[in-house]
Amino acid sequence: MEVNELNLIKQSYRAIRYHKRNTLLFFGFFTILLVAFVFINQLLQIQHDSNRLTQSKWNDFKEISAFSSTNLHEEIIKNNQSVVSLYGKYFVILVLIAFAMFFLYGLVTTTLRRQEISYMKNIGLSKLHIFKHLYTELILIAIASFLSVTFVLCVMQNIFIQGTSQINQAISKKQLAEQELVFNQVTSDPQDIEIQPAPNKKAIDGSQMFVTFNEHSIFSNKEQDSNLQKFSLSITESFLILFLICAAATLFGSMVYLSLYFKRMVN
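Under full-length UniProt numbering, think of the first position of the sequence shown as 1, with each following residue one higher.
Here it is as structure tokens:
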């Protein structure tokens, strides 16, 4: 690493310690949004895993309900699409919120530090160097937030995954409850003789089997992947997405102010 880059990191670190209020504000915003992105990402992964397991149970259901007809399979597919679409909307809303927050942060921060920026401009530093200085500060704070969130969530991994799994299960059931399910008994001959249940076994008809399957099996997909490596990758993906949004929004907010500020200095 070049000496200039080391000096840039040292200067940015000093600036972070000096502007403690801005540092804590950015750290708090970034941490909360990062957890929110991880949460949405985890919900999507759990829904995809849950749908895959549910689809695998469909053959079992067809076997125990050979004399029944239902639109359950079609509704399961629609339900999965509906839930994934809902999470997609949440993701878009979260992206817009993150962009707006970091845009305002970039605008407000450059406004409050205009004297410092003016000093760097007067001693001959270029706009590029000023932006590099400001961005290095953001990178250092973002990395600190990423490491903190990764450590906490990995320690609480099982609790976090179980919580998101329960939330996803509740949302899936609510979405399915709004759809119209059809269940009909089908017999090939009206004269068919009813088959008596085996001794010591509780008799249940097709509709009871359907209700039991729906309530206790179809959404009870508890075999969620709690692999640490996969979970860490999910956090990393969320961090990269959030940091790209942060970089673009902060740059836009800073450029809006600095462009106007430098223009007034020239005039």
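Glycine included, C-beta positions come from ideal geometry on N, C-alpha and C.
This one's a predicted model, so the numbers in the text were calculated from it and none came from an experiment.
In the DSSP annotation of this structure, the continuous segment of the alpha helix (DSSP H) that includes S12 starts and ends at 3–18. The residue among L228, L104, L242, K20 with its C-alpha nearest the C-alpha of F151 is L228.
Under the three-state reduction of DSSP, N227 is assigned to coil, being neither helix nor strand.
Out of N7, N22, L6, the CA that lies nearest to the CA of L138 is found in N22. In the displayed model, M156 falls within coil according to three-state DSSP, outside both helix and strand. Assignment of L96 by DSSP, reduced to helix, strand and coil, places it in the helix class.
Here Y13 is exposed: its Cβ has fewer than 16 other Cβ atoms, across all protein chains shown, within 10 Å. Contact between L43 and I167 holds: CB atoms are separated by about 7 angstroms, below the 8 angstroms threshold.
Going by DSSP, R114 is part of the alpha helix (DSSP H) stretching over 114–122. Pairing L251 with K132 gives a Cβ-Cβ distance that is not under 8 angstroms.
Taking each of C154, I93, I76, I32 in turn and checking the Cα distance to R52, the smallest one comes out for I76. At least 8 angstroms separates the beta-carbon of F146 from that of L24.
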